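Q: Just dropping this structure here.
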Amino acid sequence: MNLYAFILGRKNLLSTAEILAVLKPENHVLDLGRETLIASFSHPLSRPQDSLDKLGGTTKIAEVFGEFPLSTQDLASPVSAHLIETLKDHGGKLPYGLSIYNFSQRHEAIIKRVLINVKKELKSAGIKSRFINKNFGNLKTAAIIGEKLIQKGAEILIIEGRDKLFFARTVAIQDIDAYSHRDFNRPVRDARLGMLPPKLAQIMINLGGKTDLENPPEKAAMLFDPFAGIGTILTEGIRMKYNVVGSDINQKVLDGAQENILWTYQQNRSITHTSRLFLKDATTLKKNDLPEQIDLVVTESYLGPPLSRVPDQEQIKRNFGRIQETLIRFFRAIHPILQPKTPIIISFPAYRDGSKYHTIQNLPSEIEQLGFKTDPLIPGRESLIYDRPDQTVCREIHRFIRK
């Protein structure tokens with residue numbers, strides 16, 4: 387049995403839901419914490435970086451090399467023993483770092499103590515070394531990439547689980563530059579349309595349960611986005627080896643989506659998966675609009691006008707009412723087109739008001755009456771919020787299954 391730790395992103399519940407959606411039945415979740423998920427695999431991940439590149443909500447993957455009781459006081463010895471065993475032939479000074487997760491105590495004191503003791507133990511073993519933790523905090527992604535720790539050294543993780551400590555070594559790290567490139571360097575961007583982040587588009591696609599974490603499927607799944615906008619979901623789908631179809635009511639917007647799709651193909655010359663766009667009001671979709679069998683629907687509904695502060699109750703009612711009417715008509719139109727068990731992953735608008743959220747309260751139950759069932763993203767949570775600290779208009783992510 388091979389254990390891997392997935393380090394969860396900022397929206398940890400959404401990150402957890404994404405991982406659960408792509409794990410196979412034989413992959414058992416052994417531990418789930420505030421910052422980490424640990425799962426078992428029957429074999430080592432052959433290309434861990436490729437696996438991580440498929441996950442929008444995970445920042446690192448680490449291979450577990452040791453499990454110890456929670457009462458363990460000497461945290462340095464397992465770290466130094468692993469470094470000595472695996473990197474004893476390293477030439478020059480060995481660069482390494484340490485990050486800890488789920489600990490309730492201050493990280494700095496623990497990390498400082500462990501790093502200093504590890505350095506002493508490495509010196510006793512005849513290994514010159516240097517740790518790269520700045521101010522004894524967890525390592526930043528940029529530092530791991532800049533120091534090439536995965537290739538030329540090691541980042542060790544100590545994870546406090548429910549009933550044991552896990553020691554792991556980072557084998558893959560999120561490519562933050564690639565996400566920035568796909569977001570900011572694509573030819574068409576339009577802030578008026580909500581600017582769905584590529585990471586979130588990737589997460590939503592994975593929530594459909596069609597992504598294989600290790601190998602591409604024998605037959606590519608067909609993804610449909612009926613509110614395509616400038617094509618963020620479609621371009622992420624193409625990158626993830628899906629065939630894609632998109633529609634929108636606005637031809638100018640579709641032209642932008644086409645530019646972004648062509649750019650994606652140019653950036654990834656090996657991609658051969660198909661794409662098709664067509665002009666259509668999503669509330670009037672017909673079977674002949676989609677001759678392809680759709681395997682999953684992933685889309686972002688209209689979020690309403692941009693807002694810098696929460697509107698009054700009357701305005702909220704008006705905004706949500708218009709969006710709700712459109713979405714009910716869309717679900718009614720698409721039901722006869724989809725095969726039973728087809729998932730729909732969709733974001734609805736939510737307004738953040740301090741620590742609470744205004745959502746379209748009765749929309750899920752109305753959708754269920756149209757022949758769909760709500761599929762909770764994680765046990766006990768039918769939907770999850772995606773937002774940034776400065777946002778008023780947020781996204782509420784749902785997953786429905788066509789009955």
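Heads up: the sequence shown is residues 387 to 789, going by the working numbering.
For each residue, glycine too, the CB sits at the ideal point set by N, CA and C.
Bear in mind the structure is a predicted one, so any value in this text is a computation, not a measurement.
#1: If you scan the stretch 706–736 from start to end, which runs of the beta strand (DSSP E) of 3 or more residues do you find wholly inside it?
#2: Got a sec? Which residues, its chain only, sit under 7 Å from residue 464 by beta carbon, not counting five neighbours each side?
#3: Assign residue 412 to one of two classes, buried (16 or more other C-beta atoms within 10 Å of its C-beta) or exposed (fewer than that).
#4: Is the distance from the Cβ of residue 686 to the Cβ of residue 613 below 8 Å?
#5: Report, in whole angstroms, the separation of the C-beta atoms of residue 488 and residue 444, which I expect to be a contact under 8 Å.
#6: By how many angstroms is the C-alpha of residue 514 removed from the C-alpha of residue 508?
#7: Which of helix, strand or coil does DSSP assign to residue 570?
#8: For the stretch 734–745 against the stretch 768–780, do three or more pairs of beta-carbon atoms, one drawn from each stretch, fall closer than 8 Å, so that the two count as touching?
#9: Give me whichever residues DSSP pairs with residue 452 in a beta bridge.
#10: Within 10 Å of its beta-carbon, does residue 582 have 16 or more other beta-carbons around it, so buried, or fewer, so exposed?
#11: Can you check which of these residues, 504, 547, 469, is closest to residue 392 by C-alpha distance?
#12: Around the C-beta of residue 626, are 16 or more other C-beta atoms found within 10 angstroms, so that it is buried, or is it exposed?
#13: Label residue 660 either buried or exposed according to how many other C-beta atoms from any shown protein chain fall within 10 Å of its C-beta, with 16 as the threshold for buried.
#14: Give me the residue from 724, 759, 390, 639 with the minimum Cα distance to residue 674.
#15: Within 10 Å of its beta-carbon, does residue 432 have 16 or more other beta-carbons around it, so buried, or fewer, so exposed?
#16: Measuring alpha carbon to alpha carbon, tell me which of 387, 397, 390, 389 ends up nearest residue 772.
#17: Roughly how many angstroms lie between the CA atoms of residue 619 and residue 607, to the nearest whole one?
#18: With DSSP run on the structure shown, which of helix, strand or coil describes residue 474?
#19: Which class does residue 614 belong to by DSSP, given the choice of helix, strand or coil?
#20: Give the DSSP bridge partners of residue 515, in chain order.
#21: List the whole-angstrom C-beta distance separating residue 536 from residue 562, where the pair is believed to meet the contact cut-off of C-beta under 8 Å.
#22: Quick check on residue 486: does DSSP put it in helix, strand or coil?
#23: Shortest alpha-carbon distance to residue 586 belongs to which of 604, 480, 782?
#24: Which residues mark the beginning and the end of the alpha helix (DSSP H) in which residue 493 is found?
#25: Output needed for residue 404: all residues of its chain with C-beta closer than 8 Å, excluding positions within five of it in sequence on either side, in chain order.
A: Quick look at the numbers:
#1: For the stretch 706–736, not one full-length beta strand (DSSP E) segment reaches 3 residues or more.
#2: Locating residue 464 in the sequence shown gives position 78, counting from the first residue. Counting only residues of its own chain and dropping the five nearest sequence neighbours on each side, residue 464 has a CB closer than 7 Å to the CB of 452, 454, 553.
#3: As a working mapping, residue 412 is identified with position 26 in the sequence shown. Flag for residue 412 reads exposed.
#4: Against the sequence shown, residue 686 aligns to sequence position 300. Against the sequence shown, residue 613 aligns to sequence position 227. Taking 8 Å as the Cβ cut-off, residue 686 and residue 613 qualify as a contacting pair.
#5: In the sequence shown, counting from the first residue as 1, residue 488 sits at position 102. In the sequence shown, counting from the first residue as 1, residue 444 sits at position 58. 15 Å between Cβ atoms; not a contact.
#6: Taking the first residue of the sequence shown as 1, we reach residue 508 at position 122. Taking the first residue of the sequence shown as 1, we reach residue 514 at position 128. So the alpha carbons of these two residues sit roughly 7 Å apart.
#7: As a first step, residue 570 must be located in the sequence shown, where it is residue number 184. Helix at residue 570.
#8: yes
#9: Here residue 452 is taken as the residue at index 66 of the sequence shown, counted from 1. Beta-bridge pairing links residue 452 to 553.
#10: Position 196 of the sequence shown, counting from 1, holds the residue named residue 582. It counts as buried.
#11: Locating residue 392 in the sequence shown gives position 6, counting from the first residue. For the residues 504, 547, 469, the minimum Cα distance to residue 392 belongs to 547.
#12: Your numbering for residue 626 matches position 240 in the sequence shown. So residue 626 counts as buried.
#13: In the sequence shown, counting from the first residue as 1, residue 660 sits at position 274. Residue 660 is exposed by the Cβ-count criterion.
#14: Sequence index remark: in the sequence shown, residue 674 carries index 288 (1-based). Residue 724 is the option with its Cα nearest to residue 674.
#15: Looking up residue 432 in the sequence shown gives position 46. It counts as exposed.
#16: The count along the sequence shown starts at 1 and reaches residue 772 at position 386. Of the listed residues, the one whose Cα sits closest to residue 772 is 397.
#17: Position 233 of the sequence shown, counting from 1, holds the residue named residue 619. Position 221 of the sequence shown, counting from 1, holds the residue named residue 607. Between residue 619 and residue 607, the C-alpha separation is close to 14 Å.
#18: Sequence index remark: in the sequence shown, residue 474 carries index 88 (1-based). Here residue 474 sits in coil by DSSP.
#19: Indexing the sequence shown from 1 puts residue 614 at position 228. Looking at residue 614 - three-state DSSP - the assignment turns out to be coil, as it is neither helix nor strand.
#20: What you label residue 515 is simply residue 129 of the sequence shown in a count that begins at 1. The partner list for residue 515 (beta bridge, DSSP) reads 480.
#21: Within the sequence shown, residue 536 is the residue found at index 150, counting from 1. Within the sequence shown, residue 562 is the residue found at index 176, counting from 1. The Cβ separation is near 14 Å, so there is no contact.
#22: Here residue 486 refers to the residue found at position 100 of the sequence shown. DSSP places residue 486 within a strand segment (E or B) once states are collapsed to three.
#23: Sequence index remark: in the sequence shown, residue 586 carries index 200 (1-based). Among 604, 480, 782, the Cα nearest to that of residue 586 is on 782.
#24: Indexing the sequence shown from 1 puts residue 493 at position 107. Taken as a continuous stretch (DSSP letters only), the alpha helix (DSSP H) holding residue 493 covers 493–510.
#25: Walking along the sequence shown from the start, residue 404 turns up at place 18. Answer for residue 404: 441, 442, 443, 444, 589, 592, 593, listed in chain order.
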